[in-house]
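Counting in our numbering, the sequence shown tops out at residue 1136, every number present.
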Amino acid sequence: MWLKPEEILLKNAFKLWVTEKDNDYFVLQRRRGYGEGGGGLTGLLVGTLDTVLDSTSKVAPYRILHHTPDSQVYWSIACGVSKEEIGQHWDWLQQNIMRTLSVFDSTEDVTSFVQGKIRGLIAEEGKSSLVLEDDPEKFREALLRFEKWFELPPQEKLVTYYSCSYWRGKVPCQGWLYLSTNFLCFYSYFLGSEVKLIISWDEIWRLEKTSNVILTESIHVLAHGDDHYFSMLLHLSETFVIMEQLASYSIKRLFDKEAFQGELSLCDPLQITKRGLEAHAKSEQFRSFFRLPKEENLLEVHESFLWVPFSHFNTLGKICLSENYICFASQDGSQCHIIIPMREVINVEKPDATSRALTVCVRGKRALRFSEVRDFQRLANTIRSRCGISASPQHSASSEAIRGECQSLINHFEDNPEDVTLMVGQKDNSKAVSTEALMTVFHPQDVENLDPKMLKEKMKEQSWNIHFSEYGRGTSMFFTRKTRDLIVRGVPESLRGELWMLFSGAVNDMATHPGYYGELVEQSLGTSTLATDEIERDLHRSLPEHPAFQSDTGISALRRVLTAYAYRNPKIGYCQAMNILTSVLLLYAKEEEAFWLLVAVCERMLPDYFNRRIIGALVDQAVFEDLIRENLPQLVEHMTDLSFFSSVSLSWFLTLFISVLPIESAVNVVDCFFYDGIKAILQLGLAVLDYNMEALITCSDDAEAVTILSRFFDSVTNRDSPLPPTVQQASSGSNDKARHVSVDISELIREAYEKYGHFRSEEVESSRRRNKLHVIQTLEDTTKQNVIRVVSQEVQFSGPQLDELYNLFKRQHFLSCYWTMESPALLHHDPSLAYLEQYQLGFQQFSELFSLLEPWAFCPSRSTLSLWVFRLIDENQDGLVNFKEFCSALDILYGGSFTNKLKFLFKLHLPPAFTGSPLKEQRVQQLLPEAEDSSHLIRLAAFDLPEDGVIRKSPERGRGKVDLQAYLKQWQNEILKKEETIKDLPRINQAQFIQFSKTLYNIFHGDPEEESLYRAVAHVTSLLLRMEEVGRRLQEPSSLRAGSTASVEASLTEEETSDASSSPSSQDGAARQPEADWSFSFEQVLASLLNEPVIVGFFERPVHIQGKLGQARVAQLRLKANK
């Protein structure tokens, strides 16, 4: 490897290096302790020194130095892992450089020329992802060590590396931590003791920062039941963030099968960089805090002061700029923050260059003044360009006129709001969707009603109007502590929909996608899918006591919103609890607004909640358990098993307390949720448990605890609710409620904020990331146990053997996804499938794993035979094999009787496994490596046709017509499937029988009794042919019979003396003979082989899979690296 020329001192270097070759300008040296005469004490000391100091010499013990005759300065220009590699560099220098150097007069010119040449070579080699790294030179050296030490596949992308200590028990090992796209690796070498650790990110159960008496601060990694601690990191927080990002990236890509479309830094696993991961982490935090669409990325951050008009002072904070938004947050984030959509900006001014200030004018007669911005000129130009505002001198000169025109336009739109819709290009979908919130239709407010509740409602409205006048209204409103105080007191009914849209960020989604919902409604109208069937079933279960959902108006609106969302996001489709949440949204928001609120909840605020495994809800329950341990120690002492609270609180998280609280109280909880996110639900859950602490401590079992909580929720009321009794939910236990002291929801929420509002949203997100790994791995472990339980009923392997087989199978599945986004396992993934189908292998992955586990050495035609096995066990012919199908094949080969093994081999030479001549199969094999995992190249096109009669995998959820009859028919066939007998097998023809005989020869290759087995096969073949000849003597012309027999015997005779792949001449000779219409049944083949004890003994010889499993664990990744 060529190195950037670097000056070195040789005063003491010759004690560590030995000169192998030299001339007037170059020296080739070998590190002492390596190569010939290496080892011993010198090798141990030098090796330890190289590892601790991170010397390239540890993995590249050869180097070339440049010098001039009259100078004592040496320059390192190349290093090499082996003598051959460094020899190639030396030869290149001799052939291309040495002749030129004699032309130069001065030594300075010689050195300058050599350095320029070497830098040019490095630049040529570096036209890859290395240019994205912060320090390409050091990174190249680290990459060399990474590849040498860990021997991972060459596609594996090193992201970054750190010096650290790894603790083995109580002993630290100083070494280097390497973080790559798919693996966490560590290497240490000390006095002959080498420590090498490789952990794939998808195997990690827990990743967290910890501290104890011995380790002040360290990173704890739990994988395979083993704890690993890394400490003495110079930048521990930075390292931890990168590790979190890589683990999360692996989880999303491998378990959730995300393709990261639109995210350039993550869409290609071969181009992941530290810089890209850090930017992705910051963008995620930015979007989460400001509730922005997932398309937004953090582009620039500027520290500045913002003039806060309601407080009359400048507050220090940061301006965050994305593609379509300008955001500002005060230093602690809680004092105030504001979101300014670029579409709202009408002008950017620079009133005073000395104060480095700029003013952003937005619609609604508002202006925001940012001061002390370091790069205010560039920021102003960036905002102008993104908003489409001209920055010409004429523009500056006529700013007053423009402001006047803008103000007149604003006044016009305020007087004629319907023109705003036409301006942004929204379509008129009033015929298709409802344009009013259901609450205004079914419970219009009576302005003249002056009862106490209505008066209090008017006072709330007045408080919010005052707040709007001070802090602004709409998308550019200031969010402050006073805003939260008003939320806690309760939102007035008339403003609830508007504020939900604002706090959730849904208002921005709707503004940037005009007409989108109407188009979805039209496209999804009349579709019939599994999701729409589930929606129809749950429509009348959504708030059935509310008048709005006792009419067709409410039911139709609910159907349209849920169906449109299922069509928009087929990955989620429809999940129970979405109907309850959407019903409440429709009460206070217009139909299109309710749709965008549902998008905000499902895709941003409650990620991974509404899918088949409800991972998001399970993660938040784990966060909730952690908070219970921290804040309610008295309850933890009494109830050591907190899983009870997880099962009880699941509905709290999925429905935001709507399913357990009366609707008039639940909407107050939803108010807080849209403002504070999941933090509001967590702290309310703590307040509920705290309120019932004494009763829960004294309860004797879980059932009693459930009853206590149910009675409590029934007693919660909303004293300020203006809703009439016909709209309010009737309590399910009115008698119990009379005996139970009622609790006002506003008081409960206020208490939750006062007692448990101290933890920050950032802490919740950090806890979410920490617990997500454990939750997903627990689900994966449960899935494995379920799969093993099902498969164990049909195979003879033991539980531990199936466990190891499953781990190998799953790892092989992941290996197909590690370095590409185009793997069939990703492209054909369907989250709605049963757990047995979640992990599948295409042919390429199957062939690799099968080669590691096959009981016999199929030497010459291994790939061809694995293709036949793959086709045979791929029952639904979709080009993918699941774990059950894989185990069934291995079970026959390892534990089957002689008859079953022979029947399996016999079926390998019948369609659909064997489809043609061996030459044709070999041509298929030659094509396979060109397309990764492209199984069934000849037949896949046919499989995609709907008229082929093959039942495909379930289509995308939410889209496509599902043939339920086909599913039922397949299920019925599997139930009624009877065991296949030998009489059910078709007869084998001439070409198939020839290949069957060749397969037997290949199986016996290398066996100690190889000669005896070959003679036995030849004897059986001759016997079968003579039997067939006798049976057909009177029906077949003698010439044809002779030709047929001769061709078969010639092919088999040649097979005995040569490899199966080297006999095309015999096959061509047979093809030229007249076709003979003869065949054998399985009974004939079985009876003939049973007469050969040596063959029977070979197949009945016990073969143990345990040894193969151990070898496969070691060789699985190495096989991929060698390929």
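Every residue gets a Cβ at the ideal spot worked out from N, C-alpha and C, and that includes glycine.
Since the model is a prediction, treat every value here as computed from it, not as a measurement.
Item	Value
Where Tyr601 falls: helix, strand or coil (DSSP)	helix
Pairwise C-alpha distance: Val40 and Gln107	12 Å
Assumed close pair Ser672, Ile593 - CB separation to whole angstroms, cut-off 8 Å	6 Å
Lys444 burial status per 10 Å Cβ neighbour count (16 or more: buried)	Its pLDDT being 44, under 50, Lys444 is placed unreliably in this model, and the value from its coordinates should be taken loosely. The residue in question, Lys444, is exposed, as its Cβ has fewer than 16 Cβ neighbours within 10 Å.
DSSP three-state assignment for Asn327, whether helix, strand or coil	strand
Classification of Leu247 by the beta-carbon crowding that lies within 10 angstroms, buried from 16 upward	exposed
Neighbour-count burial assignment, Arg936, 16 or more Cβ in a 10 Å radius	Because the pLDDT of Arg936 is 47, which lies under 50, any placement of that residue in the model is unreliable, and the question is left without a value.
Best match in Val632, Asn889, Glu707 for proximity to Thr791 [C-alpha to C-alpha]	Val632
Counted within 10 angstroms of its Cβ, other Cβ atoms place Phe3 as buried (16 or more) or exposed	This structure cannot speak to residue 3, because the chain is shown only from 14 to 1136.
Pair within 7 Å by beta-carbon distance, Pro74 and Trp832	no
Residue of Glu604, Asn644, Leu599, Ile585 minimising C-alpha distance to Asp621	Ile585
Sufficient close CB pairs (3 or more, under 8 Å) joining the stretch 379-394 to the stretch 306-320	yes
Stretch-stretch touch, CB-based, cutoff 8 Å, three pairs: the stretch 714-730 with the stretch 768-787	no
Pair within 7 Å by beta-carbon distance, Phe163 and Leu171	no
Stretch pair the stretch 491-501 + the stretch 677-693: three plus CB contacts closer than 8 Å	yes
His350, DSSP secondary structure in three states	strand
Val729 - partner residues in DSSP beta bridges	Val756
Interface flag, Ser537 vs chain B, CB-CB below 7 Å	No chain B appears in this structure, which consists of one protein chain only.
Buried versus exposed call for His553 [16 or more other C-beta atoms within 10 Å across all chains shown]	exposed
Per-residue DSSP class, three states only, for Ile1016	helix
Residues that DSSP places opposite Leu334 in a beta bridge	Glu313, Ile339
Close Cβ partners of His651 (< 6 Å) along its chain, the five nearest in sequence each way excluded	Ile710
Coil, strand or helix - Pro185 by DSSP	strand
Assigned exposure category for Asn799 - 16 Cβ within 10 Å defines buried	exposed
Terminal residues of the alpha helix (DSSP H) in which His787 lies	774-805
Range covered by the alpha helix (DSSP H) that runs through Leu359	Here residue 359 is Ile; the residue named in the question, Leu, does not match the sequence. Not the alpha helix (DSSP H): Ile359 falls in the beta strand (DSSP E), residues 358-362.
N-terminal and C-terminal residue of the alpha helix (DSSP H) that Thr1034 is part of	1023-1044
Beta-carbon proximity check, Ser178 vs Pro167, cutoff 7 Å	no
Selected residue, minimal CA-CA separation from Glu817, among Val123, Lys130, Gln1124	Gln1124
Member of Glu216, Glu154, Thr223, Leu392 whose CA lies at the smallest distance from the CA of Trp189	Glu154
Close-in-space but distant-in-sequence residues of the same chain around Lys920 (CB under 8 Å, 5 per side omitted)	Leu885, Ala926, Leu998
Pair within 7 Å by beta-carbon distance, Ile339 and Ile353	yes
Whole-number beta carbon distance between Leu821 and Leu854, since they are thought to touch under 8 Å	Wrong, their Cβ atoms sit about 11 Å apart, outside the cutoff.
Meets three-Cβ-pair contact criterion under 8 Å: the stretch 608-618 and the stretch 569-583	yes
Ala450 beta carbon less than 7 Å from that of Gly510	yes
Among Gly531, Asp345, Leu1122, His241, nearest to Ala607 - alpha-carbon criterion	Gly531
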